[in-house]
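Residue numbers (the working numbering): 25 to 458.
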């Protein structure tokens, strides 16, 4: 019997556990280590931040569903991964061993890298449901006492979609409250141009998003480096192509939501051979760590180089389809190893995204996610908002039911009519046995 441990129970970790259980059957042990026993649907956090969802509506208690699926949950969380010993030290002092480990922790949020930045200081976040709940209280204060707003993503950020989503969702919520005319809005982003998204654009995301910002009376600053944040202003350096400071902006604000840069979590940060200097997990094309071959990585915690040099550092997002692809490939490869074979599945790393704008939205498909691409498509309309609601309901149902069905592949093929976006590619020739 093999012991397979998944570290993290977010989007990647939870479906990883489900797919492993489905693939391996009950003759092998599948365990999950997580800080707490709740799954939270992160894409709904912008709705929580304006009161369109309650926290309870987007969370799932994993205790019963894991028990039903035969998945052991260690909700005390991990203090340190010890790959040489093939074990994990838990936060309560206990240690558990593994034959195979899948790291799916998500990121640590690097708020401390900018003075005055983060929910404990002068900006809000939708990266975690706790932050979204706090942002809702600030949103209520904004409605009562309107003033300037700043939305965006700072230097080193890699997740830009939620920033655009929140800008337009906030716009809609302020219009509904009949105070939008009293709230000047500025979109501040480290991207070299609007719609870059860390992907050098997808289809006409530049044109579509610039048009949306103009129509919603939202000004923007690109190539932006946030230097400091105070209660009433954000100091932003606009960086020129040669790296020099082009302009320094003191952007007034009474409310801001800025996405931070990510780094690896403390439990893995600084482990030689396992992580890069930023703390992200090093993996090969089979999601396998080259130094510790019994360790795999999936999701936001995986190290991926940027698509190209930009005046301000910009990371690559790990979108839902990409994560699903990593998960399915990893489950297949661990099953192969347990059976005496070698990994031969590779994630295809395509991007399928539904960006909700409150009453409309933009959808895009990139195959592969990193250019050059075979499919490079984007579209907009009210149908995207409806599709995002349907996505939320389906995915939460999937988590509550313990299903391992690949959602993004179905979305691409059946809803968007793109029939070539398979999540996994099986190599013609597997790596040689060790």
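The C-beta atom is built at its ideal place from N, Cα and C for all residues, glycine as well.
Anticipated Cβ contact below 8 Å, residue i with residue j, distance rounded
i           : j           : result
residue 288 : residue 132 : 7 Å
residue 216 : residue 246 : 6 Å
Beta carbon of residue i nearer than 8 Å to that of residue j
i           : j           : result
residue 68  : residue 175 : no
residue 91  : residue 103 : no
residue 232 : residue 211 : no
residue 313 : residue 307 : yes
residue 284 : residue 181 : yes
residue 324 : residue 381 : no
residue 146 : residue 253 : yes
residue 99  : residue 37  : no
residue 31  : residue 97  : no
residue 40  : residue 372 : no
Three-state class that DSSP yields for residue i in the structure shown
i           : result
residue 91  : helix
residue 142 : coil
residue 377 : strand
residue 33  : coil
residue 67  : helix
residue 454 : Caution applies to residue 454, whose pLDDT of 49 falls short of 50 and renders its modelled position unreliable; the value that the coordinates give is listed next. In the structure shown, residue 454 sits in coil (DSSP, three-state: anything other than H, G, I, E or B).
residue 385 : strand
residue 418 : helix
residue 28  : strand
Straight-line gap, residue i to residue j (C-alpha atoms, nearest Å)
i           : j           : result
residue 127 : residue 427 : 20 Å
residue 425 : residue 89  : 7 Å
residue 349 : residue 170 : 43 Å
residue 45  : residue 82  : 24 Å
residue 56  : residue 123 : 14 Å
residue 193 : residue 73  : 9 Å
residue 328 : residue 376 : 18 Å
residue 93  : residue 42  : 8 Å
residue 191 : residue 365 : 49 Å
residue 26  : residue 51  : 8 Å
residue 101 : residue 75  : 30 Å
residue 311 : residue 256 : 44 Å
residue 62  : residue 84  : 6 Å
Residue from the options with nearest C-alpha to residue i
i           : options            : result
residue 298 : 318, 286, 359      : 318
residue 272 : 179, 278, 258      : 258
residue 396 : 359, 404, 227      : 227
residue 356 : 451, 65, 243, 157  : 451
residue 292 : 119, 105, 412, 402 : 105
residue 383 : 199, 125, 303, 38  : 199
residue 250 : 256, 213, 230      : 213
residue 274 : 223, 248, 109      : 248
residue 121 : 159, 111, 369      : 111
residue 337 : 178, 412, 25       : 178
Proximity test, Cβ basis, 8 Å: residue i and chain B
i           : result
residue 233 : Here chain B cannot be found, since the structure has a single protein chain.
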